[in-house]
Each structure stands twice: as C-alpha cells, then as structure tokens.
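Student: Quick one: structure below, then a few questions.
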Amino acid sequence: MYPKIAVLVPCYNEALTIGKVVKDFKTFLPEAEIFVYDNNSKDGTSDIAKEAGAIVRHERRQGKANVVFKMFREIDADIYIMIDGDDTYPVDCVQEMVNQFIENNCDMLVGDRLSNNSYKKENKRAFHNFGNNLVRSLINVFFGSELKDILSGYRIFSRKFVKNYASTIKGFELETDLSIYSLHNGLSIEEYSINYRDRPEGSESKLNTFTDGFKVIKLFFNLVRLYKPLLFFGAVAGVLFVIGLLFMIVPIKEYFEYKYVYKVPTLIFSIMLVIVSLLSFMTGLILDNISIIDKKNFKVRYNSTK
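If you want the working numbering, it's the 1-based position in the sequence shown plus 451.
Structure (structure tokens):
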C-alpha cells in the first residue's frame, strides 16, 4: 500500500507564486494532499491557493514556526513534504526525493541547495551565502556532522518525526532547529541535491538578513547550551577559571615578596571567579546527565510512535 503523503506549504503574502507551487505538486505528485496554511496574508494568497486545488487553513499567530507546528499537529499522513510557497524550490524532482526517502527509511530528507552552487548563483541578497556557510560550519563542528545545507526550507519528514518534534521557537529559525534537533537525537538525515532558483520578479523575501541572521545564531548557541550543556558550561568555566588565575597572580606575588597581601579585593575577586567557574562546570555535568536521560526517553517515545 502506497503511503499517504501530505504537502505542507506555510505562506505569508505569496499570491504571486503559490498557485504555481500547488499546480506543480498536482502535476508531479498527484496522489499527495496539498495543505496551504495562510499566516495572515493580505494579498489574497489563500484564495489563489484554494482555486489551484489546495486545502487552505489559517494560523493567526505570526511566524513560520508557529504555522509549521500547527501543521504537524493537525495533519495526519505517513510522509510529510514541507516547502516554501515562493517557488524557489523545484517540484519536478519531488518523486525522486520521496523514493530516496522511502528506500533509505529516513527520518528527514533535506533539499540541498548548496552542493551544486545553485543557491550561490541565484540568490542575490547580501550576506546570505556567508550566513549559510557560517551556520553550517558551526553546526557541523559542534555536532560532529557533515551536512551540506542546514537552512533549506525543502524537507521530507517521517510520521514519527512530525509527531515527536517539539520546540519553543516562533519564526524563521525553524530550519536550524529541525537540523540540530535531528542531530542531537541521532535521527537519520539524508540530503538530495536540488537546483534552487531565486524568487520571480515582484516577489519579496520576508527574511531580514541581519535580524533573522542574529536570531539563527542566537538559537544555535541556545541549542548548544540545551543539547551540549557540558561543552557550553565547561567552556564558560574554563574562561572564568583562567581569568581568576590571572587576577590571582598579583596577590600571590605580593605574598611571596612581602609576606603580606595588599590587594585583598583583587584576591577575593579572583577566588570568587574560580569558585563560580567550578560551579559552572558542576552545572554542566548535572545538565549533561539530564540531557542523556532525556535522549534515552526520546528514543523510547520515538520508537513507540506508530
């Protein structure tokens, strides 16, 4: 029996492109149900999507992550395909992507825009390529992975993934969170090289290069703190310990020279830094054990999901 496939298209003011995206899926994956969730669009996006044949629903809370969480909660399927409504991702290769996903029993398959340099050639927005490479490098180093595209909005998920995924983010940091969440929990991730194309003329990106870029970097460090607490708090402890020792040099030197410490406040401050560094390290150890237990509990829940 062929699996039930749902296409998830979160949208905000994509009237220019949403009709084509829906029709492309009708052509290249006719057995799939196409869901367009309108996130307070003011340009008639929902009407155009409905006319093209999509099932249209609404999410009033602003933010892409809010929309996707609602989709994951409400839609029942075996395979979930998430794609942006801006017609920047190719749909003609979707059947091959689904085949790879099924054959390799993936938890998540990512449409990789970067390996063939199509994103670099097509995307004209300043610093976006730099930001993609920076986030990818940070995640690959900290989580020991070799992913090629961390921020792609074109993904396929298993039912188990969708029904177990949880997060507190709201906006465009979603893709970063999905990638780190998968790596932390040891889920199966594969990539499929796609030909990215820039938005058509007249279609505007909702991303703010610096604001959303800062949010992604901030999320990354928050997730390192959450998923790798020993690394995070251990690094903080190391920095504080070294600073504490540096401040301690002068009082110790005074003691050996004069048998008396004149800079008592400096000595007290240095001792406090060393104590705080030890507390930070102990905090990391405790949270690391909690993280390991949580990881084990996640695997039990994940494997029991039907």
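Glycine is no exception: its CB is placed at the ideal position from the N, C-alpha and C atoms.
Because the structure is a prediction, the values reported are computed rather than measured.
Consult DSSP for residue 393 and reduce its assignment to one of helix, strand or coil.
Tutor: Residue 393 is absent from the model: the chain starts at 452 and stops at 757.
Student: What's the call for residue 597, buried or exposed, on a 16-neighbour Cβ count within 10 Å?
Tutor: That one is exposed.
Student: Residues in the same chain with beta-carbon distance under 6 Å from residue 634, minus the five sequence neighbours each way, listed in chain order, please.
Tutor: Same-chain partners within the cutoff: 594, 596.
Student: Which parts of the region 554–614 are runs of the alpha helix (DSSP H), unbroken and 4 residues or longer, counting only runs that do not cross its ends?
Tutor: DSSP runs (the alpha helix (DSSP H)) wholly in the region 554–614: 569–573, 579–594.
Student: Compare the beta carbon distance of residue 636 and residue 552 with 8 Å and say whether it is the shorter of the two.
Tutor: No.
Student: Using the three-state DSSP reduction, which class does residue 475 fall into: helix, strand or coil?
Tutor: Of the three classes helix, strand and coil, the one that applies to residue 475 here is helix, per DSSP.
Student: Can you check the region 454–528 for any alpha helix (DSSP H) of at least 4 residues that lies completely inside it and give the ranges in chain order?
Tutor: The qualifying runs are 469–479, 496–503, 515–525.
Student: Which of the three DSSP states is assigned to residue 618 in this structure?
Tutor: Note: residue 618 maps to coil in three-state DSSP.
Student: When you compare the region 697–716 with the region 726–746, are there three or more beta-carbon pairs, one atom per stretch, that lie closer than 8 Å?
Tutor: Not touching, per the Cβ criterion.
Student: Which word fits residue 524, buried or exposed, when buried means at least 16 other C-beta atoms lie within 10 angstroms of its C-beta?
Tutor: Exposed, because fewer than 16 other Cβ atoms sit within 10 Å of the Cβ of residue 524.
Student: Classify residue 639 as helix, strand or coil using the three-state DSSP reduction.
Tutor: If DSSP states are grouped into helix, strand and coil, residue 639 belongs with coil.
Student: Go ahead and pull the three-state DSSP assignment for residue 531.
Tutor: Strand.
Student: So what does residue 644 bridge to, in DSSP terms?
Tutor: Answer by DSSP bridge pairing, in chain order: 563.
Student: Please name the residue in 570, 688, 492, 533 whose C-alpha comes closest to that of residue 650.
Tutor: Of 570, 688, 492, 533, the residue nearest in Cα terms is 570.
Student: From residue 677 to residue 547, what does the alpha carbon distance come to, in whole angstroms?
Tutor: Using only the alpha carbons, I get a separation of about 35 Å.
Student: Note the first and the last residue of the continuous alpha helix (DSSP H) segment covering residue 753.
Tutor: Residue 753 -> alpha helix (DSSP H) spans 715–755.
Student: Flag this pair as touching only if the region 489–509 and the region 462–472 have three or more C-beta atom pairs under 8 Å; answer yes or no.
Tutor: Touching, yes, given that three or more Cβ pairs across the two stretches are closer than 8 Å.
Student: With distances taken Cα to Cα, identify the nearest neighbour of residue 741 among 483, 699, 692, 681.
Tutor: That would be 681, whose Cα lies nearest to the Cα of residue 741.
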